[in-house]
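In this text, residue positions in the sequence shown follow the numbering used here: the first is 163, and each later residue adds one.
Glycine included, every Cβ here is placed at the ideal spot set by N, Cα and C.
Just so we're clear, the structure is a prediction, and the values are computed from it rather than from any experiment.
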Amino acid sequence: HHLFFADMALKEEGFGELLPSADTVILDESHQLPEIASNFFSDTLGSRQLRELSRDILAEALRLGDIPELVDATREMDKDVQDLRLAMDKPGIREPWHKISTKPVIVTAMKKLVDTLLTLDRLLSDVQERSKDLKVCHERLLQYQRQVENMQASNESSIQWYETFTRSFSLVSTPLEIASEFKKQMGHFSCAWIFTSATLAVDKCFMHFNQRIGIENATELLLDSPFDYWHHSLLYAPPDIPEPQQHDFVEQVVDASIAVINACKGGVFVLFTSYYALNKAAKLFKESLGRTIMVQGEASQQEMLERFRQHGNAVLLGTGSFWEGVDVRGEALSCVIIDKLPFAAPTDPVTEARIQSIKNNKGNAFADYQLPRAVITLKQGVGRLIRDGADKGVLVICDPRLRTKSYGRVFQESLPRMPRTQKIEVVKRFFSLHSAVQAPLEVTTEKESSNNQTNQADQTQSTTHP
Numbered sequence: 163h164h165l166f167f168a169d170m171a172l173k174e175e176g177f178g179e180l181l182p183s184a185d186t187v188i189l190d191e192s193h194q195l196p197e198i199a200s201n202f203f204s205d206t207l208g209s210r211q212l213r214e215l216s217r218d219i220l221a222e223a224l225r226l227g228d229i230p231e232l233v234d235a236t237r238e239m240d241k242d243v244q245d246l247r248l249a250m251d252k253p254g255i256r257e258p259w260h261k262i263s264t265k266p267v268i269v270t271a272m273k274k275l276v277d278t279l280l281t282l283d284r285l286l287s288d289v290q291e292r293s294k295d296l297k298v299c300h301e302r303l304l305q306y307q308r309q310v311e312n313m314q315a316s317n318e319s320s321i322q323w324y325e326t327f328t329r330s331f332s333l334v335s336t337p338l339e340i341a342s343e344f345k346k347q348m349g350h351f352s353c354a355w356i357f358t359s360a361t362l363a364v365d366k367c368f369m370h371f372n373q374r375i376g377i378e379n380a381t382e383l384l385l386d387s388p389f390d391y392w393h394h395s396l397l398y399a400p401p402d403i404p405e406p407q408q409h410d411f412v413e414q415v416v417d418a419s420i421a422v423i424n425a426c427k428g429g430v431f432v433l434f435t436s437y438y439a440l441n442k443a444a445k446l447f448k449e450s451l452g453r454t455i456m457v458q459g460e461a462s463q464q465e466m467l468e469r470f471r472q473h474g475n476a477v478l479l480g481t482g483s484f485w486e487g488v489d490v491r492g493e494a495l496s497c498v499i500i501d502k503l504p505f506a507a508p509t510d511p512v513t514e515a516r517i518q519s520i521k522n523n524k525g526n527a528f529a530d531y532q533l534p535r536a537v538i539t540l541k542q543g544v545g546r547l548i549r550d551g552a553d554k555g556v557l558v559i560c561d562p563r564l565r566t567k568s569y570g571r572v573f574q575e576s577l578p579r580m581p582r583t584q585k586i587e588v589v590k591r592f593f594s595l596h597s598a599v600q601a602p603l604e605v606t607t608e609k610e611s612s613n614n615q616t617n618q619a620d621q622t623q624s625t626t627h628p
């Protein structure tokens, strides 16, 4: 996908191409497109880019040897960038720019940087013809000046935000919607487009995806899953777990998970929606569980997955990247436990701005944006369980909102059709017999499963022609 967008940019700017022309463009895993496109269409300026520019200018100015003003201004720019980072407070912050842009220390640091950039612009304009490298540096400087100006300008179509790291920062301008830009880019290709993914549909509908990337008048097709979830899987919703905002939610999730893990002879994924919950649960699991426990961050993802497959009955705790694109088949992954419904944090600057934009336009931010995104993410996590026709396993969703909230129906309707239970005895019986339908205990029947009809969202396609 990133290569495809890079090719788009090159073709639009007339600099050539990375991919040849084609009669049809087929994009698999298309559920990722809205976020990838959002990142691609964002305008990002990092402190490292600014400092690299200052080093490049300084090296060339010193080589020429007779431009002391340029040497001084370049060194001043490097200092200004470092001062701006210090003014931004601690690392790990990701917030809208407006939250700090009016602070005196930020105003002073930004003004100093802007003034130094203007000085460098003037100096480079006078000497750029003396060196090809200086001319390239001047072009980079002009681009960075524009990006700094954009950060300080008010723009209703984008959100300006910043992120801090230990010794660096990023300034980012992200579009609030990418549908119009993506639709324009599609118009540059004289071909048919096919978008496929196991998780495009929400509540058996493509509307959310179509709206986010600007698709109109598409031919749509939803196909049944090739896997027999009804006979090969079981959904367990532990009873008596409090709502996620309760102080003991993580402890209750761990307790319920341990009961399931102790009944499971194969490997287990426990997927979390935050690093806070992951780290807290990891400590509790290590204190109470007599199994090999792997925690995201202890090694690379590839190394952890390889160890997990080879071990056969380990417990892997993960978040983020472990929710999708991970393929572990057979008994090595016999259970997937999800702590809560994966709603994006409303405090994320881009999410927060998009929610506010939808509200400002009299839309329903929860139904139109937050809920569909959470459903797609949940479907990705659930998809880790059954990877081929022989796989069997138990899915555990600890969040009681799946059953108690009205929007829980949307999540349920988007999941594969599988027996459901709130009884741990049924889970134990399933693991013992490897077939949920043989369990003599209470299992929700097909009719009782919220009138759950055959899930048709396990392989979806949406096609449009220009």
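Assign residue i to one of two classes, buried (16 or more other C-beta atoms within 10 Å of its C-beta) or exposed (fewer than that).
i	result
D501	buried
G545	buried
K273	exposed
P508	exposed
N523	exposed
H164	exposed
A418	buried
P629	Missing from the structure shown is residue 629; the chain here goes from 163 to 628 and no further.
N379	exposed
T328	exposed
T539	buried
K541	buried
Y306	buried
T326	buried
P388	exposed
R284	exposed
Q600	Only weak support exists for where Q600 lies, its pLDDT of 39 falling under 50; the value from the coordinates is given anyway. Exposed.
A443	buried
E465	exposed
P266	exposed
Which residues in the same chain have their Cβ closer than 6 Å to the Cβ of residue i, if we skip the five residues on either side of it in sequence?
i	result
I517	A527
S335	D205, N312, S320 and Q322
E575	D365
Q408	none
T513	A506
V558	Y398, V422 and I499
V430	I423, V477 and C497
Taking the DSSP output, what are the residues bridged to residue i?
i	result
Y398	V558 and T583
Q322	S335
I538	Beta-bridge pairing links I538 to no other residue.
I219	BP columns for I219 are empty, so no partner.
I188	I356
G208	S332
I455	V477
P258	W323
G433	What sits at residue 433 in the sequence shown is Leu, not Gly. G480 and I500.
Which same chain residues end up closer than 7 Å to residue i when comparing Cβ atoms and leaving out the 5 residues on each side of it in sequence?
i	result
T607	Reliability of the predicted coordinates at T607 is poor, the pLDDT of 40 falling under 50, and the value obtained from them is presented with this limitation in mind. Within the same chain, T607 has no close Cβ partners at all.
P511	R256, E257, P258, I321 and W323
T281	A235
R469	M456
G562	Sequence inspection shows Pro at residue 562; the Gly mentioned does not correspond to that position. I403 and E405.
T278	A235, E238, M239 and D242
R565	A399
L533	Y569 and V572
Y437	T481
T435	T481, D501, K502 and P504
V276	V310
Output needed for residue i: all residues of its chain with C-beta closer than 8 Å, excluding positions within five of it in sequence on either side, in chain order.
i	result
I520	N526, A527, D530 and Y531
G543	L433, W485, E486, V498, I500 and P504
T454	H473, N475, A476 and V477
Y391	I548, P578, R579, M580 and N617
F167	I198, A199 and F202
L172	G178, E179 and L180
I629	Any answer about residue 629 is impossible in this case: the structure gives the chain only from 163 up to 628.
K252	T326
- Query: When the Cβ atoms of the region 311-318 are set against those of the region 346-356, are three or more pairs found closer than 8 Å?
  - Reply: Not touching, per the Cβ criterion.
- Segments assigned alpha helix (DSSP H), at least 4 residues, entirely inside the region 379-425: With a minimum length of 4 residues, the continuous alpha helix (DSSP H) runs that stay inside the region 379-425 are 391-394 and 411-425.
- Do three or more CB pairs link the region 421-431 to the region 580-591 at distances below 8 Å? By the criterion of at least three beta-carbon pairs nearer than 8 Å, the region 421-431 is in contact with the region 580-591.
- Task: Enumerate, from N- to C-terminal direction, the unbroken alpha helix (DSSP H) stretches of 4 or more residues contained entirely within the region 488-553.
- Result: Secondary structure remark: continuous alpha helix (DSSP H) runs of at least 4 residues inside the region 488-553, in chain order: 511-522 and 533-544.
- Looking at C-beta atoms only, is the number of pairs between the region 549-566 and the region 359-370 that lie closer than 8 Å three or more? Proximity of the region 549-566 to the region 359-370 falls short of the contact definition, fewer than three beta-carbon pairs being nearer than 8 Å.
- Between the region 200-213 and the region 299-309, do at least 3 Cβ pairs fall closer than 8 Å? Touching, yes.
- Residue ranges of each alpha helix (DSSP H) within the region 246-299, 4 or longer: As far as the region 246-299 is concerned, its whole alpha helix (DSSP H) runs of at least 4 residues are 266-289.
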